[in-house]
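First to last, the sequence lines map onto chains A and B.
Residues in the first sequence are numbered consecutively from 105, following my numbering.
Residues in the second sequence are numbered consecutively from 105, following my numbering.
C-beta: ideal position from N, C-alpha, C; glycine also.
This one's a predicted model, so the numbers in the text were calculated from it and none came from an experiment.
There are 2 protein chains.
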Amino acid sequence: MSVASPDPSALQALLDGPHAAQREATRAALCALGLEQADGLPRDAYRDLVLDWCRQVAKTGSGSRSFPVQYGGADDPAGRIAGFQTLGHGDLSLLVKVGVQFGLFGGSVHRLGTTVHHERYLRDIGTLDLPGCFAMSESGHGSDVRSIRTQARYDAAAREFVLHTPDETARKDWIGNLARHGRLAVVFAQLDVAGEQRGVHAFVVPVRGEDGSPLAGVEIEDCGDKMGLQGVDNGRLRLSAVRVPREALLDRFGQVSPEGEYTSQITSPGARFFTMIGALVEGRICIAGAGFSVARNALTIAVRWGERRRQFGTGLDRDTPLLDYLTHQRRLLPAVATSYALQSAHDALTEDYAAAVLGSPTGEEQRALESFAAGLKAYATWHMVDAVQQARECCGGKGYLAENRFAALRNDSDVFVTFEGDNTVLLQLVAKTLLSDYASQFEDLDAVGMARHLTSRQVSRWLDRFTTPSVALRDPQWQAQALRFREERIVDALARRLRRLVQQEGMDALRALSHCQDHALAAATAHIERVVHERFAATVAASDLEVLPLVRDLAALSAIERDRAWWLEHGFLSAEDSRALVTEVNQLCGALRPHALALVDGFGIPDGLLRAPIATQAQHAPAGTD
Amino acid sequence: MSVASPDPSALQALLDGPHAAQREATRAALCALGLEQADGLPRDAYRDLVLDWCRQVAKTGSGSRSFPVQYGGADDPAGRIAGFQTLGHGDLSLLVKVGVQFGLFGGSVHRLGTTVHHERYLRDIGTLDLPGCFAMSESGHGSDVRSIRTQARYDAAAREFVLHTPDETARKDWIGNLARHGRLAVVFAQLDVAGEQRGVHAFVVPVRGEDGSPLAGVEIEDCGDKMGLQGVDNGRLRLSAVRVPREALLDRFGQVSPEGEYTSQITSPGARFFTMIGALVEGRICIAGAGFSVARNALTIAVRWGERRRQFGTGLDRDTPLLDYLTHQRRLLPAVATSYALQSAHDALTEDYAAAVLGSPTGEEQRALESFAAGLKAYATWHMVDAVQQARECCGGKGYLAENRFAALRNDSDVFVTFEGDNTVLLQLVAKTLLSDYASQFEDLDAVGMARHLTSRQVSRWLDRFTTPSVALRDPQWQAQALRFREERIVDALARRLRRLVQQEGMDALRALSHCQDHALAAATAHIERVVHERFAATVAASDLEVLPLVRDLAALSAIERDRAWWLEHGFLSAEDSRALVTEVNQLCGALRPHALALVDGFGIPDGLLRAPIATQAQHAPAGTD
């Protein structure tokens, strides 16, 4: 399996892709900020420093990049997403604050508002002259936005909306940029027009005056100390009958006339809700990318240390770099390979998204996009959690020193699995979409039954085709077919289980899905692993870098290995195949080991962003063990 | 599977076991300290507070409990270990500082010294009038103590030892209690008597004067900020030709006469080294116990929150506690069950250890004890890492707030997988012992060959016995047999691989073991899982608490489920059995769900130690989602 040693700059060019210029500009901007200034700062000073950094980022134009050209932007959502991913190599409080200001706050004004709002706000949002917040989550409804309870009643006489927090479960919670800096908030609330409930809508609500103090009727509380992201001023918001003018409604998908007549081009309130929420999918795409950026910092540090660190003992291990050990390779190299694979999937998602916001996607395309974003966000951020922990442990005591950055990497990123949609909830969303793809209406039981029939036929076709899979472990077609077989079988079995619960046990459909929750998560994971593999395999096929097929094989086979019991249980792998798979992963680790440094160098993270002495000191100095 | 709801106090009595009084005294002492004083303290103030807490712990007598009665102790190592485990529910800087002072420092004076040292030091160590350090690890030799390079040359003319740090790789590193408080250090160094190298020995070396400044020739450096454990003053130590009197040698296992004659009752330097190190096994036993204490804090918080937290939405999930969801149960309940199982294994290990130090174990018994301690330390601390992460994620945004303690729990405990022996290195030690148990001398290839033969016979016996395992998933005998079958098969296959590498490929034995490192770790993990199950099954069989068989089944079956591919690959489970196993784990989660609160209440952690608002506020107040 010996291959030519890859040139890190060629690997980086592959990963940087079409938005290399935007990524490079972000790296340069980050390096110029002096991120070390944050070390040891008290919380409020750190928050103010992060605000200042945000302004400097804004000056590069990368904050407003998604916005239309006429408001200082570049109509380039894909470039913005690439830049945001790159911010994930730096200070994560800065990343999150940038995400709140330009993505969530600016993005909701942009995507849910109309020209009047764009004219009035977008330019100032893009320069950060108008710092703002995105007030959606409530203390009682973190993962269930449709059920939020903040009220927005239209007072036709005054031509104003009255926004109100009826009780503590409706308190807005975890609102970034609120506790210290935000002047304006996009507040999500249940619209009541003339006594009729029109569902969740968004309103621009001033929360702070020029002097920085909360406006009348606005109560702001600091969320307090967090595990990490101390440079982000998360807050809680209560509104007491706060009045805003009629134009405060971000009215792209639903309008209220001065007289109090409600109109919307989307008649179903459910469809309207999902259209509005769908317009905000960019946040999940951004966090997915930032998640594997964080993983890359951790893996770069650990691989460089594993290459340098030698035992100076009397035993056999003298002068053996840690990375020569199989267990060390197993902890790091599959994660490095997966991190490459995720880039291709993320690039594809980004392009799908850019095409959707610049074009007019069908409902089905939009749903597919949301499902892809949800699945990749969950998969990439759990990959991040695992990779950071493995990398930390692989650096032993050195990994426990604050100076080597694992504390910050982990504590700042851990909430990525929770915010922008809890990963478990997101995977359920993916599962629902998979079921819908089967049966155009999940609630239509006959359709579910038909799907089962169709799929059984497909399954037989698969099984016919793969009676001797053992020969083909390193064939990307075989890998794709294994992953697709699992996805289809799991979705099929899930549909059958749901049908049985509903038809024979009289459960309603959503309750049944909740009952099969573990099965639904397995379906979603199988789906996203298949998609990631297919996207990366296409990238590899289009490249002439010799090392890439090994990277693809390790990414795919380590994923299959992790869940190989499933393929054994379903007759796709024999016991012998399964053992061969484990051996193959070991061999791929050995084959990639000589290229490990080049692979992490290909991530293109400047030393000034890694900021870990064990990763950035002269590479060939002797180094002991911990 | 419906069983009587367990009485938490009965569960706690089971877990508290024979040392309930010592545990209760420790809980009371911890609650009286006012742990909240540490919140937000600057590093040095925190360290001084922890020293003060250590003195208060010392006053209860629990620090010196292992020491002989005549020096203020109680000759009760088992009671000390139980008390230490209980400290794991409180501030972990306190736990570690207590471990350093009384366990590592005091323990080495006690176990490696003789009457002259006991007379001179033990009483003051037990009261903390003499704060001290344990200076073993070196910057170049963290996991390879035998290769440390600090020098201790005997100067017969002066009747002194000269201790010296020859270069940076020999710098002592991570020495707890050194950077700020320690007066005396037990320093491990290579003894040179009259030009002959006698291997690693320990010396008591004064490092600080009465005024707190380092003594001549002693250079002390602070390790600086860490991910956690900021209340522990870890430091680095360099010695420049520091002279100590002849009596500074802790001479239980090797003596130097005034004239410079070396004597030892253990003739082989290798055996002597392992005897000395073996005398220090208590530290690993202590960290194993502390590890699952930390896991219990995290699981208690998450289970209580999962029980309280309800969605207040419009969907089906209204008023459904999070813990009613299968995926939520799956993330928490197997860990709760494992945490119960680990107690039985830890109790058994503790009793073995107490018997060994109070009696005269054979070499084989001593080796078994060390292997058990190493394996349980690795297994329990990795259980901790997983449980804390799952619990954090299960608490969503609430889990990310510092006030709910996950940041401290995780950051303070993370190094448990690294210190007192890196887990990966410890599992290799377990594997070597397993191989030795097979062939009395691993290096003796004929013996390894013979072992292979013997084991094949055993394997056939197992396979004969279990042609239909599917009927017996919830039979503890079946569980034990499954776990034993895996252990024996893996060890057998490992022995065969090693034999082939050595005989056919001419590799030397240790190099061969390194080549099969992943296999060796699998053998060690299989071993420890079998031991944990057997010990817990014995506890369950002796108890009449109805819930316990379910807890045992969930602990055993979730462990088997995690690695079920192995049993599939080796023909022990059919595909159908394997799927039945997954279903059984789901059903056990459902069966234990009504008892989840009682099970974590059985951990017996006072609210004053949990200190997490989401776990300690009134249980029935409404609570939203994050």
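Item                                                                                                                                                                                          : Value
Give me the chain A residues within the contact set of L696 (chain B), using Cβ-Cβ distance strictly less than 9 Å, ordered along the chain.                                                  : Simply none; closest approach about 16 Å.
Closer than 6 Å by C-beta to R514 (chain A): which residues in its own chain qualify, once you throw out the five before and the five after it? Chain order, please.                          : V492
Just how far apart, CA to CA, sit F546 (chain B) and L677 (chain B)?                                                                                                                          : Only weak support exists for where F546 (chain B) lies, its pLDDT of 43 falling under 50; the value from the coordinates is given anyway. Taking the straight line joining both Cα atoms gives about 31 Å.
Give the DSSP-derived three-state secondary structure of Q334 (chain A) in the structure shown.                                                                                               : coil
Would you please verify whether the beta carbon of Y504 (chain B) is less than 7 Å from any beta carbon of chain A?                                                                           : yes
Does M67 (chain A) have its Cβ less than 7 Å from a Cβ in chain B?                                                                                                                            : The displayed coordinates of chain A run from 105 to 730. Any statement about residue 67 (chain A) would go beyond what the structure contains.
Out of A:E497, A:V636 and A:L430, which one is the CA nearest neighbour of R615 (chain B)?                                                                                                    : A:L430
Go ahead and pull the three-state DSSP assignment for I324 (chain A).                                                                                                                         : strand
Please tell me whether D770 (chain A) has its Cβ less than 7 Å away from any Cβ of chain B.                                                                                                   : Here chain A covers residues 105 to 730 and nothing more, so residue 770 (chain A) does not appear.
Any beta carbon from chain B within less than 7 Å of T431 (chain A)'s own beta carbon?                                                                                                        : yes
For chain B, check one thing: does any of its Cβ atoms lie closer than 7 Å to the Cβ of G236 (chain A)?                                                                                       : no
Which chain B residues are close to E507 (chain A), counting only those with a beta carbon under 8 Å from its beta carbon?                                                                    : G328 and D329
Based on the DSSP output, what are the partners of V407 (chain A) in its beta bridges?                                                                                                        : Paired residues: none, contrary to the question.
With a cut-off of 8 Å, do at least 3 Cβ pairs link the segment 498-513 of chain A to the segment 327-343 of chain B?                                                                          : yes
Should the segment 521-535 of chain A be called in touch with the segment 346-355 of chain A, which here means at least 3 C-beta pairs below 8 Å?                                             : no
Round the Cβ separation of L354 (chain B) and G467 (chain B) to the nearest angstrom and send it over; I've been treating them as touching at under 8 Å.                                      : Contact doesn't hold; Cβ gap of about 21 Å is too wide.
For the segment 243-270 of chain B, which segments carrying the beta strand (DSSP E) assignment without a break, of at least 3 residues, lie completely within its bounds, in sequence order? : 255-259 and 264-268
Could you list which residues in chain B have their beta carbon closer than 9 Å to that of G203 (chain A), in chain order?                                                                    : Correct list: empty, because the minimum Cβ distance to chain B is about 16 Å.
Which of the residues in the segment 187-212 of chain A, read from start to end, lie with their CB under 7 Å from any CB of chain B?                                                          : none
I'd like to know whether the C-beta atoms of A669 (chain A) and A669 (chain B) end up nearer to each other than 7 Å.                                                                          : yes
As a quick exercise: from B:S397, B:G706 and B:R414, pick the residue whose alpha carbon is nearest that of H450 (chain B).                                                                   : B:S397
Could you name the residues of the segment 619-638 of chain A whose beta carbon sits closer than 7 Å to any beta carbon of chain B, in the order they occur along the chain?                  : Q621, D622 and L625
To which residues of the same chain is Q433 (chain A) closer than 6 Å at the C-beta, ignoring the five residues directly before and after it?                                                 : C693 and R697
Can you grab the Cα-Cα spacing for the pair P580 (chain B) / A478 (chain A), in whole Å?                                                                                                      : 41 Å
Grab the span of the beta strand (DSSP E) containing P310 (chain A) for me, first residue to last.                                                                                            : E300 to P310
Apart from the five residues on each side of it in sequence, which residues of its chain come closer than 6 Å, Cβ to Cβ, to E524 (chain B)?                                                   : G387, R388 and I391
Helix, strand or coil: how does DSSP classify F378 (chain B) here?                                                                                                                            : helix
G712 (chain A) lies in the beta strand (DSSP E); which residues open and close that run?                                                                                                      : G712 (chain A) -> not in any beta strand (DSSP E); alpha helix (DSSP H) instead, spanning D711 to L714.
Using DSSP bridges, identify the partner residues of K276 (chain A).                                                                                                                          : A:E242 and A:L341
DSSP three-state label for D296 (chain B), please.                                                                                                                                            : strand
Rank B:A239, B:G194 and B:E223 by C-alpha distance to the C-alpha of Q205 (chain B) and give the top, closest one.                                                                            : B:A239
So what does DSSP say about Y366 (chain A), is it helix, strand or coil?                                                                                                                      : strand
Are three or more beta carbon pairs between the segment 111-124 of chain B and the segment 703-718 of chain B nearer than 8 Å?                                                                : yes
From I279 (chain B) to L341 (chain B), what does the alpha carbon distance come to, in whole angstroms?                                                                                       : 8 Å
Since L288 (chain B) sits in a beta bridge, which residues does DSSP pair it with?                                                                                                            : B:G236 and B:P310
I need the straight-line Cα distance from T404 (chain B) to T522 (chain A), nearest angstrom please.                                                                                          : 20 Å
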